[in-house]
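Our numbering puts the first residue of the sequence shown at 3, with every later residue one more than the last.
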Amino acid sequence: MPQTFPIPPDFAAQLEADIAANRVELPTPPEVALQVREAVDSEHTNAAELAAIISRDPALSTRLLQVANSPLYRGRVPIENVQMAITRMGLKLVKNLVLSLAMKQIFQATSSDLDAAFRNLWSESVEVAAIARLLCLNIEGLDPELAMLAGLIHNIGALPVLTKLDHELGYDAEPALIGRLLAELAPGLGSRMLREWDFAEEIAGVPEACVLLKREVPEPDYADLVLVARLQHLATVGRTDAETDMTRWEDYSAFERVGLHTEVIVLEGEDTSGQIAAVRELLSA
3 MPQTFPIPPD FAAQLEADIA ANRVELPTPP EVALQVREAV DSEHTNAAEL
53 AAIISRDPAL STRLLQVANS PLYRGRVPIE NVQMAITRMG LKLVKNLVLS
103 LAMKQIFQAT SSDLDAAFRN LWSESVEVAA IARLLCLNIE GLDPELAMLA
153 GLIHNIGALP VLTKLDHELG YDAEPALIGR LLAELAPGLG SRMLREWDFA
203 EEIAGVPEAC VLLKREVPEP DYADLVLVAR LQHLATVGRT DAETDMTRWE
253 DYSAFERVGL HTEVIVLEGE DTSGQIAAVR ELLSA
């Protein structure tokens with residue numbers, strides 16, 4: 003077993019200073035995804051114009067067609083091209099799907115250890131996204147695709163933390179301390195990154211808000227969905243820390259706001275597990 007080394011006590015402050023001084027390169031979404039968002043939000047773009055933008059990225063175009071023909075979205079007639087997908091599903095839905103599909107491209111690593119960490123992070127984010135989308139289906143006023151996007155980006159602030167750890171220590175650090183460092187820094191970094199990318203606050207605030215277990219708000223929001231989805235996922239994979247202790251879930255009002263009993267594990271339902279598997283498949287390809 004390789005020797006591990008403690009993380010320097012000033013590591014968190016050093017990382018924050020490096021980011022503030024632009025000495026850490028934060029990841030950015032693919033340009034095509036940002037152009038799609040800008041075009042749709044301008045309200046002056048038609049299906050043909052949006053298709054032309056998306057088609058600049060062949061990989062993204064292919065993934066969008068795969069998703070459009072997946073069990074979650076397909077109609078009676080197969081969708082054969084990007085413009086047909088946009089016409090069938092609508093500009094707003096396509097915009098949110100493109101943003102979600104593009105998120106995977108951000109999880110690109112520069113070393114084998116970092117790649118393994120990013121893969122694990124993406125896998126967990128996909129699970130949370132799938133559960134959040136499912137929970138959203140019964141909540142009026144919230145968009146399932148935005149819920150899915152919120153789940154995918156809820157821990158995106160971990161990327162610069164893990165990258166700096168890889169550069170500084172090569173992952174020869176104590177795992178428990180890495181976990182504590184991520185818990186301390188990733189939520190704030192994630193929301194900062196999303197605000198710099200000009201995401202709406204209802205999404206940009208999710209990384210910070212979804213870790214506030216006893217957060218109180220008047221109406222359900224995307225942070226509620228991600229909070230509950232995150233706890234559901236952690237319980238499903240057998241985490242046993244205090245945060246995932248189901249006897250405490252009744253203390254978290256987010257469950258009531260999203261309409262889920264604290265005794266329920268959504269992956270155990272036959273119908274719900276199929277829907278979650280479908281989202282998992284389209285995001286993991």
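Glycine included, every Cβ here is placed at the ideal spot set by N, Cα and C.
Look at the segment 163 to 227 and you find these whole runs of alpha helix (DSSP H), each 4 residues long or longer: 177 to 198, 203 to 206 and 208 to 211. DSSP places L262 outside both helix and strand once states are collapsed to three, so it counts as coil.
In the three-state reduction of the DSSP assignment, D43 falls in the helix class. With fewer than 16 other Cβ atoms from the protein chains shown falling within 10 Å of its own Cβ, H46 counts as exposed. Contact annotation: V208 and A152 have beta-carbon atoms nearer than 7 Å.
Runs of alpha helix (DSSP H) with 4 or more residues, each lying fully within the segment 41 to 118, are found at 49 to 56, 60 to 70, 84 to 91 and 93 to 105, listed in chain order. Secondary structure of V239 (DSSP, three-state): coil.
Within 10 angstroms of the beta-carbon of R65 lie 16 or more other beta-carbons, which makes it buried.
Distance from R90 to A70 at the Cβ level is roughly 7 Å; contact confirmed, criterion being Cβ atoms closer than 8 Å. With a beta-carbon spacing of about 6 Å, L187 and A14 fall inside the 8 Å limit used to define contacts. Cβ neighbours of H235 within its own chain (closer than 8 Å, five residues either side excluded): E126, E129, V130 and I133. Collapsing the DSSP output to three states places G271 in coil.
When rounded, the separation of the alpha-carbon atoms in L116 and D168 is 6 Å.
Around the beta carbon of S286, fewer than 16 other beta carbons lie within 10 angstroms, which makes this residue exposed.
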